[in-house]
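What follows is a short report on a single structure.
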Ligand code: APR
Ligand code: PHB
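Numbering (our numbering), first residue to last: 11 to 400.
What follows is the structure, encoded as structure tokens:
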């Protein structure tokens with residue numbers, strides 16, 4: 011088999027890249043290790059920057075999003091029970107769109123399934139070959155049969171534990187990493203959200219976030235020790251803890267119900283540089299991870315896919331400048347988001363044994379609550395207005 015671009019990983023980065031290339035008339039195949047049901051069942055992020063919405067619209071997969079998504083003009087930032095609203099619309103002229111990654115994945119799968127044979131699920135033992143020369147290829151096994159896919163380029167969109175980045179010689183790659191000493195316990199429930207907009211709450215017991223997927227589905231998180239197990243968090247304990255951490259008036263309105271999904275996720279910052287190795291290009295979580303505070307992960311993954319699709323399209327028209335500068339341009343945007351996600355995590359979470367840091371958090375919250383300039387910086391980063399970034 012032969013294709014122009016072999017895409018490893020069928021998450022948002024891989025699927026969006028596939029769809030955008032398809033629209034440019036560039037042949038591509040997506041190799042995904044898991045089943046379609048598994049990929050679509052994963053509960054992930056849900057806040058989209060305007061740039062991401064624009065990209066999904068350009069990709070022709072925005073029809074359901076236009077019907078079902080919620081549009082938010084701001085967020086609530088609560089600090090030890092006191093709440094301030096950050097008015098994105100007033101501060102930046104735009105807001106964010108609330109639409110789950112799960113739905114985006116479904117929409118993209120739907121679009122790509124029409125292209126028979128171009129979306130391969132349950133591809134086992136995917137291996138990358140010769141991407142440092144002119145004839146790269148990818149091998150994989152499906153139903154016990156080994157296949158070889160010859161290609162012009164390989165796009166590594168296989169997330170943080172994928173095979174693509176791991177195939178690059180260690181000496182060619184530099185890793186930047188910062189661990190966060192706690193996790194997020196997330197609960198999805200078929201209950202109406204506690205507020206019209208997201209609530210990010212700092213509390214001495216730990217961070218809490220009230221988010222949503224629709225007017226009838228809520229997504230809530232509380233900061234928890236990484237050593238906790240799900241057994242330690244029956245629904246009743248979760249709701250009790252959430253209620254204690256958010257402002258009283260919100261807690262009084264909180265409607266609880268059985269969890270339909272519950273998971274604990276670690277938080278970390280991770281960047282691999284560069285994002286290109288000859289004919290292998292990394293996109294999305296394969297190249298970078300941010301803590302979820304601020305919801306940048308999905309937006310970064312989509313932006314990488316958009317940049318890479320445009321660069322491949324230019325290549326096939328005879329212009330390699332987009333491919334040559336792909337890594338540099340992406341990393342500029344990535345580091346802006348890494349900085350913001352780190353800063354926002356540091357502002358809103360509880361760090362053990364750090365009374366000095368706790369006072370700094372308080373001072374910073376006061377500044378955001380009273381200074382339009384400080385609030386604007388938060389708002390610009392949240393909605394993804396990154397002047398100077400591609
Ligand atoms: N071979 C083939 N596919 C693989 C392999 C492999 N060796 N390893 C991983 N994959 C697949 C995974 O099963 C997954 O479906 O690659 C896909 C990667 O998808 P994501 O992890 O969703 O990463 P990405 O597309 O970059 O999207 C990033 O996901 O984790 C969230 O917060 C993050 O929202 C962001 C988004
Ligand atoms: C979510 O809805 O899952 C979500 C929202 C905002 C975040 C992180 C996660 O900052």
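The C-beta atom is built at its ideal place from N, Cα and C for all residues, glycine as well.
Quick caveat, the model's predicted, so the values are computed rather than measured.
* Asked: Leaving out five residues before and five after residue 78 in sequence, what residues of the same chain have Cβ atoms less than 8 Å from its Cβ?
  -> On the chain shown, residue 78 is found 68 positions in, with the first residue counted as 1. 109, 113 and 224, listed in sequence order.
* Asked: What separation, rounded to the nearest whole angstrom, lies between the Cα atoms of residue 332 and residue 253?
  -> Locating residue 332 in the chain shown gives position 322, counting from the first residue. Locating residue 253 in the chain shown gives position 243, counting from the first residue. Roughly 49 Å separates the two Cα atoms.
* Asked: Does any heavy atom of the ligand PHB sit closer than 7 Å to the C-beta of residue 317?
  -> What you label residue 317 is simply residue 307 of the chain shown in a count that begins at 1. No.
* Asked: Comparing the CB of residue 146 with every heavy atom of the ligand APR, is any distance shorter than 7 Å?
  -> The count along the chain shown starts at 1 and reaches residue 146 at position 136. No - the ligand APR has no heavy atom lying nearer than 7 Å to the Cβ of residue 146.
* Quick one: does the C-beta of residue 171 sit closer than 7 Å to a heavy atom of the ligand APR? -> Locating residue 171 in the chain shown gives position 161, where the first residue counts as 1. Flag set: Cβ of residue 171 near the ligand APR.
* Asked: Are at least three pairs of beta-carbons, each pair with one atom in the region 347-363 and one in the region 303-313, less than 8 Å apart?
  -> yes
* Span of the alpha helix (DSSP H) holding residue 60? -> Locating residue 60 in the chain shown gives position 50, where the first residue counts as 1. Residues 60-68.
* **For residue 171, the nearest candidate out of 295, 247 and 218 (CA to CA)** => Start at 1 with the first residue of the chain shown, and residue 171 comes out as number 161. Per the Cα distances, 295.
* Specify the secondary structure class of residue 109 as computed by DSSP and reduced to three states. => Counting from 1 along the chain shown, the entry for residue 109 is found at position 99. The answer is coil: DSSP assigns residue 109 none of H, G, I, E or B.
* Taking only the alpha-carbon atoms, compute the straight-line gap between residue 175 and residue 80 and give it to the nearest angstrom. => The count along the chain shown starts at 1 and reaches residue 175 at position 165. The count along the chain shown starts at 1 and reaches residue 80 at position 70. Computed Cα separation, rounded: 35 Å.
* To do: Counting only the same chain and skipping the five closest in sequence on each side, list residues whose C-beta sits under 8 Å from that of residue 270.
  => Working through the chain shown from its first residue, we reach residue 270 at position 260. If we look at residue 270 and ignore the five residues flanking it on each side, its Cβ neighbours are 198, 199 and 200.
* Examine the Cβ distances between the region 189-198 and the region 242-261 and report whether three or more of them are shorter than 8 Å. => yes
* Asked: For residue 13, does the count of other Cβ atoms within 10 angstroms reach 16, so buried, or fall short, so exposed?
  -> Residue numbering aside, residue 13 sits at position 3 when the chain shown is read from its first letter. So residue 13 counts as buried.
* **Paired residues, beta bridge with residue 38 - DSSP** => Along the chain shown, one-based indexing puts residue 38 at 28. In DSSP, residue 38 forms a bridge with 15.
* By how many angstroms is the C-alpha of residue 65 removed from the C-alpha of residue 449? -> Past the edges of the chain, shown from 11 to 400, lies residue 449, and the structure says nothing about it.
* Asked: Is the Cβ-Cβ distance between residue 299 and residue 287 less than 8 Å?
  -> Within the chain shown, numbered from 1, the residue matching residue 299 stands at position 289. Within the chain shown, numbered from 1, the residue matching residue 287 stands at position 277. Not a contact, by the Cβ cut-off of 8 Å.
* Other residues of its chain near residue 122: CB distance less than 8 Å, five sequence neighbours each side excluded -> Position 112 of the chain shown, counted from the start, is the residue given in the question as residue 122. Within the same chain, residue 122 has close Cβ partners 25, 28, 29, 32, 40, 128 and 129.
* To do: Following the continuous alpha helix (DSSP H) through residue 255, name the residue where it begins and the one where it ends.
  => Working through the chain shown from its first residue, we reach residue 255 at position 245. 245-255 is the span of the alpha helix (DSSP H), which, as asked, contains residue 255.
* Asked: In its own chain, which residues sit with a C-beta less than 6 Å from the C-beta of residue 132, not counting the 5 before and 5 after it?
  -> Counting from one through the chain shown, the residue named residue 132 turns up at place 122. Within the same chain, residue 132 has close Cβ partners 45.
* Asked: Going straight from the alpha carbon of residue 155 to that of residue 107, what length do you get?
  -> Along the chain shown, read from residue 1 onward, the residue named residue 155 stands at position 145. Along the chain shown, read from residue 1 onward, the residue named residue 107 stands at position 97. Roughly 43 Å separates the two Cα atoms.
* Asked: Quick one: what does DSSP say residue 308 is sitting in, helix, strand or coil?
  -> Along the chain shown, one-based indexing puts residue 308 at 298. Looking at residue 308 - three-state DSSP - the assignment turns out to be helix.
* Is the beta carbon of residue 193 sitting closer than 8 Å to the one on residue 236? -> Counting from one through the chain shown, the residue named residue 193 turns up at place 183. Counting from one through the chain shown, the residue named residue 236 turns up at place 226. Yes, they are a contact pair.
* **Spatial distance of residue 151 from residue 49 (CA atoms)** => What you label residue 151 is simply residue 141 of the chain shown in a count that begins at 1. What you label residue 49 is simply residue 39 of the chain shown in a count that begins at 1. Using only the alpha carbons, I get a separation of about 19 Å.
* Report yes if the CB atom of residue 165 is closer than 8 Å to the CB atom of residue 291, and no otherwise. => Locating residue 165 in the chain shown gives position 155, where the first residue counts as 1. Locating residue 291 in the chain shown gives position 281, where the first residue counts as 1. In this structure, residue 291 lies closer than 8 Å to residue 165 by Cβ.
* Sorry if obvious, but does the Cβ on residue 382 come closer than 7 Å to a heavy atom of the ligand PHB? -> Locating residue 382 in the chain shown gives position 372, where the first residue counts as 1. Every heavy atom of the ligand PHB is 7 Å or more from the Cβ of residue 382, so no.
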